[in-house]
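**Student:** Here's a structure for you.
Numbering (the working numbering), first residue to last: 239 to 375.
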């Protein structure tokens, strides 16, 4: 983001979001009723297949996240986790010509960002460069 979000956003993302999503998930499990279409009750094996398919697709994200973290070099789990969240030098377009253009673009972008003077006030990023108008709060 380029700045530390204010307290409202941090609490919303770290507390309220997970609580609300967990509540919805738990409620859906508690309120679960076996599969039925009009007057036809599906057999338990059909319901089981549905749960297996839902579980396989849902568990892909945490499974592969764990695999990626464990494959990272490093002595501690904390360091492995940090490295898993950091882009490596190979990241970017796979086509060599496009990658060169992309690298040049990123260098220009980083130079522009370092040249701009910016300040953080009340969760808003106030830019004071010639190209942007200053936002008054």
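Where is the CB? At the ideal position from N, CA and C, for every residue including glycine.
Remember, it's a predicted structure, so these values are computed and weren't measured experimentally.
1. When you compare only the Cα positions, how much space is there between residue 337 and residue 346?
2. What residue does the alpha helix (DSSP H) around residue 284 start on, and which one ends it?
3. For the alpha helix (DSSP H) holding residue 265, just list the boundary residues, first then last.
4. Would you report the Cα separation of residue 254 and residue 261, rounded to the nearest angstrom?
5. I'd like to check one pair, residue 322 with residue 310: are the Cβ atoms closer than 8 Å?
6. Between which two residues does the alpha helix (DSSP H) harbouring residue 245 extend?
7. Residue range of the alpha helix (DSSP H) that residue 319 falls in?
**Tutor:** Short version:
1. What you label residue 337 is simply residue 99 of the chain shown in a count that begins at 1. What you label residue 346 is simply residue 108 of the chain shown in a count that begins at 1. Cα atoms of residue 337 and residue 346: separation of roughly 14 Å, rounded to the nearest angstrom.
2. Here residue 284 refers to the residue found at position 46 when the chain shown is read from its first residue. First-last of the alpha helix (DSSP H) with residue 284: 282-309.
3. As a first step, residue 265 is located in the chain shown; it is residue number 27 there, counting from the start. 255-268 is the span of the alpha helix (DSSP H), which, as asked, contains residue 265.
4. By 1-based counting over the chain shown, the position of residue 254 is 16. By 1-based counting over the chain shown, the position of residue 261 is 23. Taking the CA atoms as reference points, residue 254 sits about 10 Å from residue 261.
5. For this step, residue 310 is matched to residue 72 along the chain shown. For this step, residue 322 is matched to residue 84 along the chain shown. Contact annotation: residue 310 and residue 322 have beta-carbon atoms nearer than 8 Å.
6. Along the chain shown, one-based indexing puts residue 245 at 7. Its alpha helix (DSSP H) spans residues 245-249.
7. In the chain shown, counting from the first residue as 1, residue 319 sits at position 81. Start and end: 315-322.
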